[in-house]
DNA sequence: GTCTATACACTGATAGAC
DNA sequence: GTCTATCAGTGTATAGAC
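Residue numbers (my numbering), protein chains in the order written: chain A, 5 to 186; chain B, 5 to 186.
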């Protein structure tokens, strides 16, 4: 029971992750999601920016859940986070290096453009960071390490997609684990 | 003695860093650099893509020199790299969080678009990584740590620009230094 | 709520005079 | 080498019938 609104949001998430904000046109979104343009402006009167905000919020929530669930599966924080990052590396490779980092491109493109999109990305990054910090709550530098984790994952995705190799994220996984273990 | 060609490349570097590839139009480049459009296609017959490749190569070389010079100033690798990253944090703040990471946005936007731009970014990231790895040559995991450094700087810039705070890169600097010192 | 047709600005690119 | 005028295509957004 996918509503028109949901179809638009999901297709927008997919295209934004692969192409970014400015390279993704509304015409492509309505064509690939098979929804008429009139419906888009009915559901999202704010146009492209409002649609992107909803899409980024949606995918941010999904990723937050995945972080929480995956980290809960392994007791040792260093090992849990290492496996989580290695899993991202595999997924980036599986996408043909076309996806990975669902909000990274948007965050950069809109950092000096749309303030509402920038704030949405900032909120999501904060939520992700909190999830990692909670897993590291025994560590004296939990918050600081959580920031490094988010930063190195985002940067690692860039390096993997640019080099068409999963090695960068695998190295990030190993080094982050080494840092946590001390 | 700035030639027309150099003016175009330098202005393109500036705009690509702040806005990204797709948000930067050729009209804006020629207007702000005060060079006519005819000259652009005379110097860069390949159009926007060729101009961007030249711009990315140019700024990549400048940054490589800055990495080499700055790292040579302090003997201890952990301290040298820490200060280098803290310096980036200050520069990002100084730009009003509108600049920083001169090729990051381009690397992401063109990862699934232009193959020649993607390869150019890949080459530059490799050169930067080698510069850090050489400074860490005494460390058994020099290459792996150099990858983490590039990734966490690129990601740290994203977090700083998105949150309008220099804290993320300062934390990255501290954690990377902790990792190197062991 | 859904859909089509269209307005209007702007994009990258080119032609041709100078 | 430089500059202007202009092309064809696409972008976001809107109007109005159904």
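Cβ atoms here follow ideal geometry from the backbone N, Cα and C, with glycine treated the same way.
Asked                                                                                                                             : Found
Span separating the alpha-carbon of residue 24(B) from that of residue 119(B)                                                     : 17 angstroms
CB contact check: residue 134(B) to chain A, cutoff 8 angstroms                                                                   : no
Between the CA atoms of residue 40(A) and residue 174(A) - distance to the nearest angstrom                                       : 42 angstroms
As assigned by DSSP and simplified to three states, the class of residue 126(A)                                                   : helix
Beta-carbon proximity of residue 172(B) to residue 155(A), cut-off 8 angstroms                                                    : yes
Cβ of residue 129(B) within 8 angstroms of any chain A Cβ                                                                         : yes
Distance, residue 140(A) Cα to residue 68(A) Cα                                                                                   : 16 angstroms
Proximity to residue 35(A) [Cα-Cα], best of 15(A), 133(A), 45(A), 54(A)                                                           : 15(A)
C-alpha distance - residue 110(A) paired with residue 20(A), whole-angstrom precision                                             : 7 angstroms
Range covered by the alpha helix (DSSP H) that runs through residue 27(A)                                                         : Note, residue 27(A): premise wrong, no alpha helix (DSSP H); not H, not E.
Cβ-based burial, residue 185(B) [other Cβ within 10 Å; buried from 16]                                                            : exposed
Burial state of residue 3(B) (16 or more Cβ within 10 Å)                                                                          : Within the shown structure, residues of chain B are numbered from 5 to 186, placing residue 3(B) beyond reach of any answer.
Residue 84(B) versus residue 144(A): straight-line alpha-carbon distance, rounded                                                 : 24 angstroms
The stretch 146 to 162 of chain B contacting the stretch 57 to 73 of chain B, beta-carbon criterion three pairs below 8 angstroms : no
Straight-line Cα distance separating residue 89(A) from residue 105(B)                                                            : 23 angstroms
Meets three-Cβ-pair contact criterion under 8 angstroms: the stretch 160 to 168 of chain B and the stretch 122 to 129 of chain A  : yes
8 angstroms Cβ cutoff met for residue 179(B) and residue 130(A)                                                                   : no
Listed by chain order, chain B residues near residue 160(A) by CB distance under 7 angstroms                                      : 155
Contact residues within the stretch 170 to 186 of chain B, judged by C-beta distance below 7 angstroms to chain A                 : 172, 175, 176, 178, 179, 182, 183
Local conformation of residue 143(B) per DSSP, three classes                                                                      : coil
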